[in-house]
Structures are given as C-alpha cells and as structure tokens.
Amino acid sequence: MKTITIAIDGYSSTGKSTLAKQLAKHLNYIYVDTGAMYRAVTLFAMQNGYIDYDFFDKQTLINSVPSIKLNFKFNAELGFAEMYLNDVNVEKEIRTIEVSNFVSRVAEISQVRAKLVEQQQEMGKNKAIVMDGRDIGTVVFPDAELKIFMTASPETRAQRRYDELQAKGDDVTYEEVLKNVEERDYIDTHRDDSPLVIANDAIEIDNSYLDKEEQFKAVLELVEEVMNS
Ligand code: DC
0 MKTITIAIDG YSSTGKSTLA KQLAKHLNYI YVDTGAMYRA VTLFAMQNGY IDYDFFDKQT
60 LINSVPSIKL NFKFNAELGF AEMYLNDVNV EKEIRTIEVS NFVSRVAEIS QVRAKLVEQQ
120 QEMGKNKAIV MDGRDIGTVV FPDAELKIFM TASPETRAQR RYDELQAKGD DVTYEEVLKN
180 VEERDYIDTH RDDSPLVIAN DAIEIDNSYL DKEEQFKAVL ELVEEVMNS
C-alpha cells in the first residue's frame with residue numbers, strides 16, 4: 000500500500016474537518032486544519048487592535064508576520080491537535096463568530112499565505128497526511144494523490160455552523176451565520192491570491208444529503224483505490 004497525501008478543499012462549513020479527522024484516525028495519518036492557522040493569525044490581528052469592523056491596518060499585520068508563531072499540539076483526550084498561537088492554546092478563541100467575520104480578509108494577504116503555505120508544506124513533506132482548507136489541492140500540494148472538493152448549499156452549511164455555535168453557547172442568529180457563510184464564500188472565491196477553485200483532478204462531493212458515515216465510507220473507497228493503484 001502506498002503512503003499518500005490527501006487534500007480536502009471546499010466551502011466553509013461543508014464538514015471538511017469532520018471527514019479529514021475520520022480519515023486521519025482510520026489511516027493513522029497526521030491531520031492538519033489549515034483554517035485554524037488563518038483563524039489564529041486573525042485572532043492575533045484582533046488582539047493587537049489591527050482589525051475591527053470599520054478598519055484594518057494591513058501593513059502593521061504584514062510587518063508582524065515573522066513574529067507570529069503557530070503550532071499544533073496533539074491532545075490525546077480530544078484525539079486531535081489543537082492550535083497554539085505564540086505558545087498559547089487558542090483552540091476555543093479561534094472558533095468564535097468574530098474571528099469568522101474577519102478571517103477571509105486576513106486570508107487575502109499574500110504575505111500571510113506565503114508563511115502558512117510554507118509551514119503546511121513542511122508538515123506534509125513525508126506524506127501520510129490529511130490536510131483541509133481552500134488551496135490544498137491547488138497550491139499547497141498540487142501533486143496530492145487524492146483531492147476531494149466538498150460542497151453543500153449555503154443554507155445547509157449555515158444551519159450546521161449555527162447548531163455548533165449554539166451548542167457552545169455562542170449568542171448568534173441563523174441569519175447572522177448565513178450572512179457570514181455567504182460573505183466568506185464570496186471573498187474566498189474572488190481573492191487574487193489562491194482563490195478557492197476546484198482543482199482539475201479533484202473529486203467533488205456534495206454532502207447536502209449525505210450523513211457523516213455515508214460520506215466517510217464513500218471517500219474511504221476512493222482512498223483505498225488510490226493506495227492500491
Ligand atoms: O476552514 P475554516 O472555515 O476554518 O477557514 C477559515 C477561513 O480561512 C476561510 O474563510 C478562508 C481561510 N482559509 C484559506 O484561505 N485557505 C486555507 N487553506 C484555509 C482557510
């Protein structure tokens with residue numbers, strides 16, 4: 000059996016990370032959530048007052064990029080790696096609606112992308128990795144043996160994200176979440192640097208009507224096909 004790289008891209012809240020975690024656990028591969036890295040840089044910008052609803056000091060953020068340290072540390076209890084920003088666990092803080100509202104603007108910045116892509120390529124240099132994001136199959140690992148592109152209707156995705164936020168006690172409305180999902184789709188697909196596009200050789204999965212287990216089984220079959228080819 001071959002050791003491979005699995006790239007999972009797609010729109011926000013399509014369940015990329017759920018699928019990626021299932022695959023990584025089953026295959027005993029490393030899992031990397033690249034969205035968490037963009038979220039951590041966004042949190043850094045918020046903590047330092049570089050970004051707010053009515054202003055964004057991009058240049059100061061760009062100047063600070065070399066001082067931003069990002070790490071994943073495996074949490075055995077949770078069964079996945081948590082995000083650390085400058086040695087502080089920020090796993091909870093990066094999942095708020097405020098971070099979601101600003102993250103696409105931070106992810107547009109080429110200097111931020113260059114730094115994160117380099118770190119992602121380093122993490123995947125020995126393969127045996129499942130990485131999810133927006134540009135994994137197109138930019139980070141264009142030679143990945145398996146590329147999955149996940150979609151679902153904006154309403155389905157907003158409902159999922161809304162349920163998650165509610166479960167955490169976040170005070171948001173469904174309309175607010177839907178607006179955020181649609182805005183991020185727009186910015187992610189229209190930015191100049193590494194926009195979200197489907198790679199030529201990616202397999203598209205619309206999971207609006209698939210449950211987690213059905214989806215996992217379908218993708219596992221694809222994985223086994225590639226590993227045995
Ligand atoms: O996967 P997520 O929703 O946590 O990602 C948050 C944002 O980060 C997303 O709206 C766009 C950006 N992102 C990106 O530009 N490239 C990636 N590889 C991953 C995320």
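Under numbering that gives the first Met the number 0, the first residue of the sequence shown carries the number 0, and numbering increases by one thereafter.
Built from N, CA and C at the ideal position, the CB exists for glycine as well.
The segment 174-206 contains, as complete beta strand (DSSP E) runs of 3+ residues, the segments 202-205 (chain order). In this structure R38 is in contact with V98, their Cβ atoms being roughly 5 Å apart against a cut-off of 8 Å. Taken in chain order, the whole beta strand (DSSP E) runs of length 3 or more contained in the segment 83-136 are 128-132. Between N100 and N27, the gap from beta carbon to beta carbon reaches 9 Å or more. According to the DSSP assignment, D162 belongs to the alpha helix (DSSP H) that extends over P153 to A166. A check of alpha carbon separations from V139 across V31, Q46, A44 and K211 identifies V31 as the nearest. By the beta-carbon neighbour count (other beta carbons within 10 angstroms, threshold 16), S207 is exposed. F54 counts as exposed, since fewer than 16 other C-beta atoms from the protein chains shown sit within 10 angstroms of its C-beta. Within the same chain, Cβ atoms closer than 6 Å to the Cβ of T2 are found at K126 and A127, the five residues on either side in sequence being excluded. Beta-bridge analysis with DSSP links L69 to L84.
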